[in-house]
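**Q**
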Amino acid sequence: MFEAFFSFTGTPFSRNIPVAELMQTDGRSELHGRLQYVARMRAFGVFTGDAGTGKTTAIRKFAQELDSNRHRILYLSDSSLTPRNFYWEILHQLGCQPRFYRGDAKRQLQKALADLTDADKKTPVIIVDEAHLLSREMLEEIRFLLNLRMDSYSALALILIGQTELKETLKLQVHQAISQRVDVRFHLLPLERTETTDYVKRHLAAVESPADIFTPAALGVLHEYTGGIPRRINKVATASLMAASGAQQRLIDDHLIRVVIESEFEA
Numbered sequence: 001m002f003e004a005f006f007s008f009t010g011t012p013f014s015r016n017i018p019v020a021e022l023m024q025t026d027g028r029s030e031l032h033g034r035l036q037y038v039a040r041m042r043a044f045g046v047f048t049g050d051a052g053t054g055k056t057t058a059i060r061k062f063a064q065e066l067d068s069n070r071h072r073i074l075y076l077s078d079s080s081l082t083p084r085n086f087y088w089e090i091l092h093q094l095g096c097q098p099r100f101y102r103g104d105a106k107r108q109l110q111k112a113l114a115d116l117t118d119a120d121k122k123t124p125v126i127i128v129d130e131a132h133l134l135s136r137e138m139l140e141e142i143r144f145l146l147n148l149r150m151d152s153y154s155a156l157a158l159i160l161i162g163q164t165e166l167k168e169t170l171k172l173q174v175h176q177a178i179s180q181r182v183d184v185r186f187h188l189l190p191l192e193r194t195e196t197t198d199y200v201k202r203h204l205a206a207v208e209s210p211a212d213i214f215t216p217a218a219l220g221v222l223h224e225y226t227g228g229i230p231r232r233i234n235k236v237a238t239a240s241l242m243a244a245s246g247a248q249q250r251l252i253d254d255h256l257i258r259v260v261i262e263s264e265f266e267a
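Residues 1 to 267, numbered by UniProt numbering, are exactly what the sequence shown covers, in order.
#1: Could you work out which residue in Glu266, Glu264, Val236 is closest to Ile252 when comparing CA atoms only?
#2: Please name the residue or residues paired with Tyr75 in a DSSP beta bridge.
#3: Closest to Ala112 by CA distance: which of Tyr101, Gly103, Gly95, Phe100 is it?
#4: What did DSSP end up calling Arg185 once you bin it into helix, strand or coil?
#5: Straight-line CA distance for Thr169 to Thr9?
#6: Closer than 7 Å by C-beta to Leu81: which residues in its own chain qualify, once you throw out the five before and the five after it? Chain order, please.
#7: Mind checking Asp129: buried by the 16 CB within 10 Å criterion, or exposed?
#8: Counting along the chain, where does the alpha helix (DSSP H) carrying Val236 start and finish?
#9: Given that a residue counts as buried once 16 or more other Cβ atoms are within 10 Å of its Cβ, and exposed if not, what is Leu156?
#10: Measuring alpha carbon to alpha carbon, tell me which of Leu158, Leu91, Ile161 ends up nearest Asp115.
#11: Quick one: residues in its chain with C-beta nearer than 6 Å to the C-beta of Phe2, no 5 flanking neighbours on either side, listed in chain order?
#12: So, is Glu165 buried or exposed, given that buried needs 16 or more other C-beta atoms within 10 angstroms?
#13: On the DSSP bridge list, what partners appear for Ile178?
#14: What is the rounded straight-line gap between the Cα of Leu76 and the Cα of Arg250?
#15: What residues in its chain sit with their C-beta under 7 Å from that of Asn234, if we drop five residues either side in the sequence?
#16: So what does Leu160 bridge to, in DSSP terms?
#17: For Phe214, which of helix, strand or coil comes out of DSSP?
#18: Could you tell me whether the Cβ atoms of Met23 and His203 are closer together than 9 Å?
#19: Could you please give the first and the last residue of the uninterrupted alpha helix (DSSP H) stretch that includes Gln108?
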């Protein structure tokens with residue numbers, strides 16, 4: 001395996017990189033700060049970005065660093081989420097046996113969230129990932145959660161995470177009632193050229209590797225092809241490490257990475 005060839009202590013560019021090793025660019029630091037604000041203020045936040053820009057990874061960092069004595073994370077990620085399943089899933093995560101009918105489940109959830117806030121002194125932080133896939137009916141149910149937020153008091157923090165389409169969907173007239181309630185918005189951009197270089201070096205350093213396995217020219221090709229999208233960077237960088245290992249080549253130059261791109265990603 002290429003990890004042994006390069007004497008890595010782990011697998012770089014994998015999803016399970018420790019939170020402490022994640023690179024924080026200016027954009028990602030701002031995203032993290034806004035997520036913390038939403039949790040602290042029990043606000044409603046909508047966070048978007050193109051596929052693969054690192055939204056879910058940012059949520060993982062945010063959730064792991066949030067004070068569990070003061071907050072309760074309730075995370076949902078289901079492309080086919082229905083209103084009934086929505087309430088049932090949250091109730092299951094709260095340790096409740098959901099009522100059968102949707103109306104009963106809604107009232108049950110309202111009480112469970114109130115108990116969590118008032119009795120346990122914890123803020124429920126509901127995170128809906130892949131929110132760009134929510135149906136119109138599901139977005140209407142989001143309004144129910146928002147209606148739990150009174151003018152002077154909010155029972156929960158609500159975070160929607162999705163691709164760029166979510167931002168466009170909420171601009172539609174039919175969703176203005178929801179859009180007008182958004183307290184915090186943020187759109188995560190791809191990495192800049194220098195950030196791509198830092199990203200690669202940070203992931204290599206996380207497995208105790210020399211940071212110069214990729215030549216500057218190779219990093220330039222990597223950024224140009226991937227557009228600074230972390231998920232694509234991970235795939236191309238990993239494929240390049242495999243190819244270099246197979247060729248017994250300890251340095252990845254622009255020629256090798258172009259060959260990898262042409263043979264594995266453009267074939």
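Built from N, CA and C at the ideal position, the CB exists for glycine as well.
**A** In brief:
#1: Val236
#2: Ile127
#3: Closest by alpha carbon: Gly95.
#4: In the displayed model, Arg185 falls within a strand according to three-state DSSP.
#5: 44 Å
#6: Leu134, Met138
#7: Its Cβ being crowded by 16 or more others within 10 Å, Asp129 is buried.
#8: Unbroken alpha helix (DSSP H) run through Val236: 230-246.
#9: buried
#10: Leu91
#11: Leu241, Met242, Ser245
#12: exposed
#13: The partner list for Ile178 (beta bridge, DSSP) is empty, contrary to what the question assumes.
#14: 42 Å
#15: If we look at Asn234 and ignore the five residues flanking it on each side, its Cβ neighbours are Phe13.
#16: Val46, Val128
#17: Residue state, collapsed to three classes: strand.
#18: yes
#19: 102-118 is the extent of the alpha helix (DSSP H) around Gln108.
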